[in-house]
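Below is one structure, written out as structure tokens; comments come after it.
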Amino acid sequence: MRHARIMFDGRELDIDIAADDTITTSEGEVLNVALDSDAITWLPPVKTPGTIFALGINYADHATELAFEPPKEPLIFIKHANCLTGHKQVSYRPDNIDYQHYECELVAVIGKRGKNIKREDALEYVAGYTVCNDFAIRDYLENYYRPNLRVKSRDSLLPMGPWIVDTADIPDANALKLTTTVNGKVTQDGSTRDMIFNVPFIIEYLSKIMTLNPGDMICTGTPHGIVDCQPGDTIVCTIEDVCSLETRMVSEQEYYGDKY
Amino acid sequence: MTAKTLVNSKLVCVALNDKAQLAALEGTFNEAPYNKPPTQPVLYYKPHNTWSVNGADVEWAKDFDGNDVAAMAVGASLGVVIGKETCRVSTEEALNYVGGYTLVSDYSLPEESYYRPDIKGKCLDGSAPVGPEIVAADKIAAPDALSVTISVNGERKSTFPLTQMQRSVAELISTISYIMTLQPGEVIAVGFAGKRVALAKGDKVEASIEGVGTLSNTLGGA
Numbered sequence: 001m002r003h004a005r006i007m008f009d010g011r012e013l014d015i016d017i018a019a020d021d022t023i024t025t026s027e028g029e030v031l032n033v034a035l036d037s038d039a040i041t042w043l044p045p046v047k048t049p050g051t052i053f054a055l056g057i058n059y060a061d062h063a064t065e066l067a068f069e070p071p072k073e074p075l076i077f078i079k080h081a082n083c084l085t086g087h088k089q090v091s092y093r094p095d096n097i098d099y100q101h102y103e104c105e106l107v108a109v110i111g112k113r114g115k116n117i118k119r120e121d122a123l124e125y126v127a128g129y130t131v132c133n134d135f136a137i138r139d140y141l142e143n144y145y146r147p148n149l150r151v152k153s154r155d156s157l158l159p160m161g162p163w164i165v166d167t168a169d170i171p172d173a174n175a176l177k178l179t180t181t182v183n184g185k186v187t188q189d190g191s192t193r194d195m196i197f198n199v200p201f202i203i204e205y206l207s208k209i210m211t212l213n214p215g216d217m218i219c220t221g222t223p224h225g226i227v228d229c230q231p232g233d234t235i236v237c238t239i240e241d242v243c244s245l246e247t248r249m250v251s252e253q254e255y256y257g258d259k260y
Numbered sequence: 001m002t003a004k005t006l007v008n009s010k011l012v013c014v015a016l017n018d019k020a021q022l023a024a025l026e027g028t029f030n031e032a033p034y035n036k037p038p039t040q041p042v043l044y045y046k047p048h049n050t051w052s053v054n055g056a057d058v059e060w061a062k063d064f065d066g067n068d069v070a071a072m073a074v075g076a077s078l079g080v081v082i083g084k085e086t087c088r089v090s091t092e093e094a095l096n097y098v099g100g101y102t103l104v105s106d107y108s109l110p111e112e113s114y115y116r117p118d119i120k121g122k123c124l125d126g127s128a129p130v131g132p133e134i135v136a137a138d139k140i141a142a143p144d145a146l147s148v149t150i151s152v153n154g155e156r157k158s159t160f161p162l163t164q165m166q167r168s169v170a171e172l173i174s175t176i177s178y179i180m181t182l183q184p185g186e187v188i189a190v191g192f193a194g195k196r197v198a199l200a201k202g203d204k205v206e207a208s209i210e211g212v213g214t215l216s217n218t219l220g221g222a
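Each protein sequence line maps, in turn, to chains A and B.
Numbering follows full-length UniProt numbering, in which position 108 of the first sequence is assigned residue number 108; successive positions increment by one, without gaps.
Numbering follows full-length UniProt numbering, in which position 99 of the second sequence is assigned residue number 99; successive positions increment by one, without gaps.
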């Protein structure tokens, strides 16, 4: 089963999506609308976002691309709900920068509270999987708590969704094809197989430090194949059997409007 | 997360905002892996699981083998509580967006490196008490004139006048509001004395700011 949050017909709804794409609300109402309809506004799929963890350089080939040695322990940073936006929404490119890239990532959504979780039990704590695009602005990198908040904690720069797929429906989260297209052209073509630290490892690692809670999310990093994105570009991040996440880039002025 | 936490949705902390600390580390910061001193405020989050309250015990942290860590430290900061949505505001208007002030204590492993996000050191459960209450902004005429003290078991260990901050409260609100839109109830811990206070199990810690209050917590594991 798939789960999402949408605006439809002026209402904010929690929905389940069946294998035949039938949409049923949490109240049991079947919606007469197609999944790809423009009448649906997709919201970030986690209703009450907790802590958002993101992995840096967690694919060996991406580490090489960025001229880093593959890490011996996970590089983890934190993001917040201000970054989140949904499928088919916009993300902005700040003015006067040279290099902003997408990062297509598998996201594990925590469904159960836990501390000191063993690797072999870890998937019991995962409610499901979704896809995110963990944008970064390389111009803003500084070597203090790198990747620093100015690079990674900006409004709208973590599109997620459109839905969460139940953990039980993904037999092996580390055997999924991962692709990104920009304006229809494939720019990233990898597999979650090449992840250095997988979801069970990360859950064991984090839960030795802290309690994980329902609504926490773990964005697991991106493979080789990042390119600069400009306003007007349409970016689609896809992970096989999970979902495809579409984002349109806009300028800083278009995004902030009156507040620009 | 403690149910009664005063924090809504986000607690942002500013590291390396003590002029004396920046001066002392200048040589280090010109070497690898830093290569040059920071040009922007150095920020980190204390996530939901860290939020706690006045009077709560703070756990002594465990290492990855399940043994007690060798050392812990505490810093204390003025906590700026956002009063209304704050998006891309100037330094001049920034203080108009403050709803109130409180104290934030940051219990952590000793700060050894600033190169990578310090998840192991900073994300410990219950390690960010905030309180004892929120004092309305109009009660504090000049936040940068305040001074933060830390006492351990009744003995004064640290005094940090906020005039020693590299960046002022208003400057920080402005800069952060251009990175992320801040919401009512979100808290910014604007600056800590560079020298964190070393702690032992069972220590009673009081962080104080005159006019804002005293935030008291006890280290567990004695």
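Think of the CB as a built atom: it goes at the ideal place given N, C-alpha and C, for glycine as much as any other residue.
Through-space distance from residue j to residue i, alpha-carbon basis
i                      : j        : result
A:Ser37                : A:Ala108 : 27 Å
A:Glu73                : A:Ile196 : 9 Å
A:Thr192               : A:Pro223 : 8 Å
A:Trp163               : B:Glu186 : 28 Å
B:Thr2                 : B:Trp60  : Confidence in B:Thr2 is poor, its pLDDT being 47 and thus under 50, which makes the residue's placement too unreliable to answer from.
A:Asn133               : B:Lys4   : 33 Å
A:Arg119               : A:Glu204 : 5 Å
B:Ala136               : B:Thr50  : 24 Å
B:Val104               : A:Phe77  : 21 Å
A:Met1                 : A:Asp14  : 13 Å
B:Lys139               : B:Gly211 : 8 Å
residue 223 of chain B : B:Glu155 : Lying outside 1 to 222, the shown extent of chain B, residue 223 of chain B is not represented and no answer is given.
residue 261 of chain B : A:Tyr144 : Nothing can be reported for residue 261 of chain B, as the shown portion of chain B is limited to 1 through 222.
B:Ile82                : A:Asp233 : 35 Å
A:Glu12                : A:Val30  : 15 Å
A:Phe135               : B:Pro38  : 22 Å
A:Gly226               : B:Cys123 : With the sequence shown as reference, residue 226 of chain A is identified as Ile, and Gly is not the correct amino acid for it. Distance between the alpha carbons of A:Ile226 and B:Cys123: 30 Å.
A:Thr167               : A:Asp16  : 15 Å
A:Leu245               : B:Ala56  : 43 Å
A:Pro49                : A:Pro214 : 9 Å
A:Tyr102               : A:Ile235 : 8 Å
A:Ala34                : A:Ala18  : 12 Å
B:Glu111               : A:Thr85  : 34 Å
A:Pro147               : B:Thr102 : 29 Å
With 16 other Cβ atoms within 10 Å as the buried cut-off, status of residue i
i        : result
A:Leu158 : buried
A:Thr211 : buried
A:Phe68  : exposed
B:Arg196 : buried
B:Leu109 : buried
B:Leu11  : buried
A:Asn183 : exposed
B:Gly194 : buried
A:Pro239 : Reading off the sequence shown, one finds Ile at residue 239 of chain A, where the question assumed Pro. It counts as buried.
B:Pro161 : exposed
A:Leu66  : exposed
A:Asp258 : exposed
A:Lys112 : exposed
A:Glu105 : buried
Start-to-end residues for the alpha helix (DSSP H) that takes in residue i
i                      : result
B:Gly121               : Ile119 to Lys122
residue 232 of chain B : Any answer about residue 232 of chain B is impossible in this case: the structure gives chain B only from 1 up to 222.
B:Glu186               : Careful: B:Glu186 lies outside any alpha helix (DSSP H) and carries neither H nor E.
A:Gln89                : No alpha helix (DSSP H) holds A:Gln89; the beta strand (DSSP E) holding it covers Gln89 to Arg93.
A:Ile203               : Val199 to Ile209
B:Ala94                : Thr91 to Ala94
Candidates the options: closest to residue i by CA position
i        : options                                   : result
A:Gln100 : A:Tyr205, A:Val236 and A:Pro231           : A:Pro231
A:Glu254 : A:Asp194, A:Cys104 and A:Ser156           : A:Ser156
B:Pro131 : B:Pro184, B:Ala70, B:Asn217 and B:His48   : The residue you asked about is not Pro; residue 131 of chain B is Gly in the sequence shown. Selected option, being the one with the closest Cα: B:Asn217.
A:Pro94  : A:Gly128, A:Asp139, A:Cys104 and A:Gly184 : A:Asp139
B:Val53  : B:Ile134, B:Leu162, B:Arg167 and B:Val14  : B:Ile134
B:Phe192 : B:Ser168, B:Ala200, B:Gly213 and B:Pro184 : B:Ser168
A:Ile209 : B:Ala94, B:Leu199, B:Lys62 and B:Gly99    : B:Lys62
B:Val7   : B:Leu16, B:Ala24, B:Lys157 and B:Gly99    : B:Gly99
Enclosing beta strand (DSSP E) for residue i [first to last residue]
i        : result
B:Glu155 : Glu155 to Pro161
B:Ser177 : Run containing B:Ser177: none in the beta strand (DSSP E); it sits in the alpha helix (DSSP H), Val169 to Ile179.
A:Gly5   : Sequence inspection shows Arg at residue 5 of chain A; the Gly mentioned does not correspond to that position. That run of the beta strand (DSSP E) goes Arg2 to Phe8.
B:Asp107 : Going by the sequence as given, residue 107 of chain B is Tyr instead of Asp. Its beta strand (DSSP E) spans residues Val98 to Ser108.
A:Tyr256 : Counting along the chain, A:Tyr256 falls outside any beta strand (DSSP E), though it belongs to the alpha helix (DSSP H) covering Glu252 to Tyr256.
A:Arg150 : Careful: A:Arg150 lies outside any beta strand (DSSP E), inside the alpha helix (DSSP H) at Leu149 to Lys152.
Is there contact between the segment 33-44 of chain A and the segment 1-15 of chain A, where contact requires at least three CB pairs shorter than 8 Å?
-> Below 8 Å, enough C-beta pairs join the segment 33-44 of chain A and the segment 1-15 of chain A to call them touching: three or more.
At a cut of 8 Å, does the segment 179-193 of chain B reach the segment 81-94 of chain B through at least three beta carbon pairs?
-> The segment 81-94 of chain B and the segment 179-193 of chain B touch, with three or more beta-carbon pairs separated by less than 8 Å.
Are the segment 13-33 of chain B and the segment 191-209 of chain A touching by the rule of at least three beta carbon pairs closer than 8 Å?
-> The segment 13-33 of chain B is not in contact with the segment 191-209 of chain A.
Contact between the segment 145-153 of chain B and the segment 199-211 of chain B (3+ Cβ pairs under 8 Å) | In the pairwise beta carbon analysis, the segment 145-153 of chain B is classified as touching the segment 199-211 of chain B: at least three pairs are separated by under 8 Å.
Does the segment 159-173 of chain B come close enough to the segment 186-196 of chain B to have 3 or more Cβ pairs within less than 8 Å?
-> Because the criterion of three Cβ pairs below 8 Å is met, the segment 159-173 of chain B and the segment 186-196 of chain B touch.
May I ask you to verify whether the segment 37-49 of chain B touches the segment 115-123 of chain B, counting CB pairs closer than 8 Å and requiring at least 3?
-> Judged by Cβ distances under 8 Å, the segment 37-49 of chain B makes contact with the segment 115-123 of chain B, as three or more pairs qualify.
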